[in-house]
Structure formats: structure tokens, C-alpha cells
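Read the structure below first, then the notes.
Residue numbers (the numbering used here): 472 to 660.
Set out below in C-alpha cells:
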């Protein structure tokens, strides 16, 4: 019964569900609800500890904004800027390849002593920069390797001041998309 009184004081009702776009002064109601001891003989309600609609709105808005924020292309500071370097080593044959994306849109691909430079199209350059701008990349662990695996490829990526090493044994969608896109630029036999 006290929860109904608190909700009524705050200007809310059980069917409100936070649909009102107008902020409400619920700080007092929240403090009252959390400081009021439960009445004797009745267990505390599960929904009485949940945040009020107006106090949870900023949290959910910012949480959904970051979760649904689409990546934007990383900025380019100059033509010689190395946006990303990916080195692929290992495997049964002992592969040692590298691909470097520069700020001028060129990609240098190296396989042993052989090296080629190609230019990306505007769309390819934007796609690669957008993959690099994915906020989920900041969540990727620095080292994800299955130390018991043999003859796997190891990928070392350097971007945004970070070095990330993986053998792709752990699922990291943002990193996997970047590796797949850069893999298209590696030399083929």
C-alpha cells in the first residue's frame, strides 16, 4: 500500500510505464520509498526497488544510444598516416604477410619480400575507416589466442594506438569484420 502512496505522490500510476515525456520530481519519492522500512508481515515487492521511469530514462537513453550508435569513419590527419597495420603469421606453411592502410587511401600489401601498393576506391576507403571507427573495437581484448592450438594464423593489428593479437578463436564481431575486410587486400598466390 505504501508503494501506491509513493507512486501517487510522485505523480505516477501503475499503468504509466514511463510513457510521459515530461520529467517528474521523483527524487523525494525515490528517497521516501528507499528509506521507508517494509511493513511487518509483508515481504518487500520486487518492483519497489526498481528505478522510477524518469530516473531510468537517461540511463536507458544513453545505454541505447551507445549500443545503437553507428560507427563513423576514423579521421585522417595526413597522407602518410598509418590507419591500420595487420600482420598475419603462422599456419602450416609459415605465412608472413602484412597489409597497411594509409591516410591517402593506399594499401601496401607485403608477402615475404614481395610488396605491392594499390589504391582504394572512395567507397572502400570509407568502409575501412568506418570499420576502424566501430566503438566495439575499444572493447576487444588486447590478446585472444588459443595457446593449445597448432598451425593457426595469428593476426596482429595496430590501430588507434593499440596493438591487438588474435588467432580468431574468440568471437569478436567488430574485430572479425575488420580482419575480413583487410584480408581482401592481402597478396594471393
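Every residue gets a Cβ at the ideal spot worked out from N, C-alpha and C, and that includes glycine.
Indicate the three-state DSSP secondary structure (helix, strand or coil) for residue i in the structure shown.
i, result
"residue 631", "coil"
"residue 601", "helix"
"residue 542", "coil"
"residue 641", "coil"
"residue 606", "helix"
Would you call residue i buried or exposed, if buried means 16 or more other Cβ atoms sit within 10 Å of its Cβ?
i, result
"residue 644", "exposed"
"residue 605", "buried"
"residue 618", "exposed"
"residue 611", "buried"
"residue 650", "buried"
"residue 552", "exposed"
"residue 637", "buried"
Sort out for me which residues DSSP pairs residue i with in a bridge.
i, result
"residue 553", "573"
"residue 561", "566, 624"
"residue 582", "568, 585"
"residue 614", "636"
Over what stretch of residues does the beta strand (DSSP E) that includes residue i continue unbroken?
i, result
"residue 587", "585-590"
List the endpoints of the continuous alpha helix (DSSP H) containing residue i.
i, result
"residue 647", "644-654"
Give the C-beta separation of residue i and residue j to the nearest angstrom, bearing in mind that I take them to be a contact with Cβ-Cβ under 8 Å.
i, j, result
"residue 544", "residue 591", "That pair is no contact at about 12 Å."
"residue 554", "residue 600", "7 Å"
"residue 565", "residue 550", "Between residue 550 and residue 565 the Cβ distance is about 34 Å, and since that is not below 8 Å, they are no contact."
"residue 641", "residue 615", "4 Å"
"residue 556", "residue 569", "7 Å"
"residue 603", "residue 630", "6 Å"
"residue 576", "residue 623", "Their Cβ separation, rounded to whole angstroms, is 31 Å, which puts residue 576 and residue 623 out of contact at 8 Å."
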